[in-house]
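Each remark here refers to the structure printed beneath this line.
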Amino acid sequence: MIIAIIFVFKSTLQSLLFKLAKLFDFESTEFKIGYIILILIGLLGYMFLIDKKYIISRKGHLLAIVLFTTYIIFRNFENGVIYLPESTHLKYIDISVLFFLIHIIQWKITKQNSSIKKADKKDFFINDAVYVDGEIDNELIVQQLITSITNYKPVNSFSIGINAEWGFGKSTFLNRFYTEYSKSNSETIMFWFHIWKNKGDKAVIDNFFKELSTNLKPYSGEIEDNIEKYSEAILNVSPGELKKIISAGKDIFREELSLEEYYQIIQKAIQKIDRQIIIILDDLDRLEAKEILDTYKIIRTLSDFENVIFLAGYDRNYLEKTLGKNKEKYINKIFQVEINLLPFDEGQINEMLLNNIKDVFPYDAIQEGTKDKTKENKKLYNTFNSIFKEKIPWKFLDNTDLSDVFQNKNQFVCSELKLDYKHFIRTHRDLKRFLNEFKFNKNLINTDDIYLPDYVLFRLLTYRYRNLYSIVFENISDIFDNKDYDFINNKMQDSWNDNDGTHYIYDENSKERLFKKLRSHEYSNDDIQIINATLCILFGLKNKEFYKKNEHTISKSYYTNFYLRNGIPNEAYTRSKFKKYWDEGNIEDLINRMEGLSQNTKLQAFNELKIFLFDTSSSISNKNDFYKLIKSLNNFKNSIHSNDFKELEKIIKKLSDKITDLSYEDLKNSLIESNVSIGPIDLLIEDIAVNHERGQRKGLYDNQNINEYNLFPFTIENTKEILLEKLESVLQQNVGYNIHFNYYTLQIDFIAVDHKIILVYEADKVFKAHLNKFFLHFVWGDYLDFKGDPEGFPKEHQTYKPNDFLCQVFCNKEDWDKLKANKTNVAFYKNFRTNGFNNYNSFLQTQKVKNIIVGEDHISKLEKIKKMMDAFIANDCQPLNRTQFEDV
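Number 1041 in my numbering belongs to position 867 of the sequence shown; there are no gaps in the numbering.
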């Protein structure tokens, strides 16, 4: 057609081209430069369109075809035109070929991009489209409806309602009907009218008749104009008159003959078409009250034409509630037949859920670098598959038996409702929406930081009941009791502080508070029972083994907020964060950061880190990681206590057995490298030495007063050497002379007479040299001062003496050796002590200091200490009484 038109107007176009050519000087340099620039601009423009994947409109394609066809005709047919430049085969106009080819390439690329199915990349979210693949749950109803209305042409419009709750498959049903009915009824005119897409005053009525006209005009040339005028006439009727239409039928039309005439003309046109007309109206339950009433008017009055069948999907409860009590039964006047869709198949929903979980979180195909992810996905699938069964029979959850988890003996009956997915997911749409939300939320959180059954159940609960966040969890302490678990007596006990317990517990009092809260927010009894049953599982009291095996349960107050916030950063330090710092070798940096937490959070965070390090120790297999572990554990200040020493001993023993050539030297070096003066591992080693020496004095200590460290892999000599060499390292650190002194006191060698701790002689020598070197600092501090009895001791009975360890610092080697050989000899101990204090006094009397700090009189203080020491020696190294002390 384009070619024919061009040939018809060829002479006219040729004349126009001649006139246009006279405006240009084709031989000028300016023309040639401009020509080249225009070509470059055109090429760059097309490159830009290709890069942006720009879709050219149909008009753009048509223009390109017309111009290229014109070029072909004028270039290849003799017409007396001379194309420049004459001296070459290629003419200026031939650039049209290049541009047309580029246009074709651009179109081809755009078409390919729009049609490519990205098989290698699935959509992140599951599409909430209607189900169109094969039979549906209500297939029998679909087929019965098809049979019932096939060839049915009502004298007046006939309306059928498809009633179901939101998400129960109305759209799926209507789509299935449309597909199946079209196959066997090709003569039927059937189309959709999506009412909810129409917004504005009378938009529903206006657009309906436009849609009706569009679908009928292929069968009648006279109907389009009449429908348009009919629609305009209706829209010109005042709102008050329109309200009378339903009750008055077409009486109002009879008062306006023009309306009645249009109606009759359309009616006759439809009779001539003589085809069944089915109009499908979906999602009436998305409309507002006025739009619902406009739809009713269309169905019962304005479109009461012959051969017309309306098929509408809605939720009756929504329509009646939206229209209010005055019109809640109005729907019975609109639809001659109402079909109620059957509820969904619970078994199918469960099956679809598991299949989708497997699809969204695949675990069958193990690809390189995805082994951990595959294991995590398998764990997640098994959780979904087993969460509502009595047992969880798979290794990832330590074979937890849910029937034995709850301490039901002597406990109130929390709930008798047996939960299932049906309590949270009621429709196919619910299923898709839950999966989309779960996938999105799960990607924000690390599986290592949660107890999966708790996480899945909590996501189900908060999906079904959205506002529980604000009603219950925002102020969780108002509902739940805050308690501490007593692992000695195996029971939960009240926390000393209402807000500082280790666990949130849902008990009988909590249940009463919850029911009262939910009823005040108008929750139904069924909903309250579902919420209660869920909270019984999540926060109900459980046995000791459960709490030990599942450190990250939602009821643990440290982690509760982590579940509520879905892992979005807050004050919590989690297992995944610990692992990140561990892998990077920055646990010490993490510990320093955690020191800035609030007191209660800090204690819990350090406890979680301790558990992580204890667990991590089982995977260590080389010396580098051993060093990293010991250095990390030794950085703890307050969260590793003496009751953890046995666990630390086991860890060191296991690693000693596992790691080739691991020796006490490695333990010693790791402690020195930890840059911590006195840490938990230092105290463990000191405790091992102390209890070993207690064991050597069986007559002095019974078994109850001795902690046996039979698993510690190194000898007692090695143990003492570790402490001694660490002392030498600590004395070189600028950490305070109190810490220097405290580490010196860890150097136990043996126990003499009645519980007198005697330190390693080599440690005495090292510390004596240190004291001599920094004597002024010890004077400045209180290490050389005479100490009285504790505050509150009767003043008249107070005694004063120097620090007992000073006699050890200045002891004689011979006295030390004799005492070690005869630990119970009181005379040897007295001689050891007296000679040591005498040596210290002799040293003291030779020392002089200067006043180097403003406001401090070191000289006077030292002279006072010397006088006290002389008096102490004169008193046979016995404490000075109050009178003696005051005399000095």
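Ideal placement from N, C-alpha and C gives every residue a C-beta, glycine not left out.
For LYS226, no alpha helix (DSSP H) encloses it, and the DSSP letter there is neither H nor E.
Secondary structure remark: continuous alpha helix (DSSP H) runs of at least 4 residues inside the region 600–629, in chain order: 602–616.
The continuous stretches of alpha helix (DSSP H) do not include LEU920, and DSSP gives it neither H nor E. With contacts defined by Cβ atoms closer than 7 Å, VAL482 and SER358 do not form a contacting pair. Counting along the chain, the unbroken beta strand (DSSP E) around ASN514 starts and ends at 511–514.
For the options ILE704, ASP622, HIS677, the alpha carbon positioned closest to that of PHE689 is the one of ILE704.
Under the criterion of beta carbons closer than 8 Å, ILE932 and ASP923 qualify as touching, at roughly 6 Å. Within the same chain, ASP594, TYR595, LYS596 come within 8 Å of GLU520 by CB-CB distance, once the 5 residues on both sides are set aside. ASP658 has GLN667 as its beta-bridge partners, per DSSP. A straight-line Cα-Cα distance of about 50 Å links SER185 and TRP366.
Distance from the CA atom of PHE915 to the CA atom of GLU682, rounded to whole angstroms, is 54 Å. For SER792, the secondary structure class from DSSP, reduced to helix, strand or coil, is helix. When Cβ pairs closer than 8 Å are counted between the two stretches, the region 432–441 is seen not to touch the region 457–470, the count staying below three. Just so you know, the alpha carbons of LYS442 and ILE702 end up roughly 59 Å apart. Taking 8 Å as the upper bound for CB-CB distance, ASP459 and TYR492 are in contact here, some 4 Å apart.
Pairing VAL240 with ILE179, the inter-Cα distance amounts to about 10 Å. Looking at the backbone, the Cα of SER903 and that of ILE846 are separated by about 7 Å.
Taken through DSSP and simplified to helix, strand or coil, TRP366 comes out as strand. Here PRO328 has GLU480, ASN481, VAL482, ILE483 as same chain residues with Cβ atoms under 8 Å from its own Cβ, once five neighbours each way along the sequence are excluded. In this structure LEU692 is buried. Its beta-carbon is surrounded by 16 or more other beta-carbon atoms within 10 angstroms. Taking the CA atoms as reference points, ARG633 sits about 7 Å from PHE612.
Per DSSP, reduced to three states, the secondary structure at VAL1023 is coil, with no helix or strand assignment. The residue from VAL378, ILE401, LYS376, ALA377 with its alpha-carbon nearest to that of THR388 is ILE401. In the structure shown, the three-state DSSP call for ALA1048 is helix.
Two segments are said to touch when three or more pairs of C-beta atoms, one from each, lie closer than 8 Å; by this definition the region 888–907 touches the region 839–855. Between SER684 and ILE653, the gap from beta carbon to beta carbon is short of 7 Å. DSSP places ALA486 within a strand segment (E or B) once states are collapsed to three. When rounded, the separation of the alpha-carbon atoms in ILE472 and ILE599 is 36 Å. Ranked by how close their Cα comes to the Cα of ASN1055, the residues PRO976, SER644, SER795, GLN510 have PRO976 in first place.
Taking C-beta atoms as the reference points, ILE728 and TYR737 count as a pair closer than 7 Å. A distance below 8 Å between beta-carbons, with the five flanking residues on each side excluded, links TYR555 to the following residues of its chain, in chain order: LEU528, ILE531, LYS532, PHE535, TYR537. Around the CB of PHE1006, 16 or more other CB atoms lie within 10 Å, so the residue is classed as buried.
Inclusion of ILE925 and GLU867 in the CB contact set at 7 Å is warranted, their separation being smaller than that value. Excluding residues up to 5 positions away in sequence, GLU725 lie with their Cβ nearer than 7 Å to the Cβ of ILE785 in the same chain. Under the Cβ criterion (8 Å, minimum of three pairs), the region 877–886 counts as touching the region 817–831. In this structure, the straight-line span from the alpha carbon of TRP756 to that of HIS677 is close to 27 Å.
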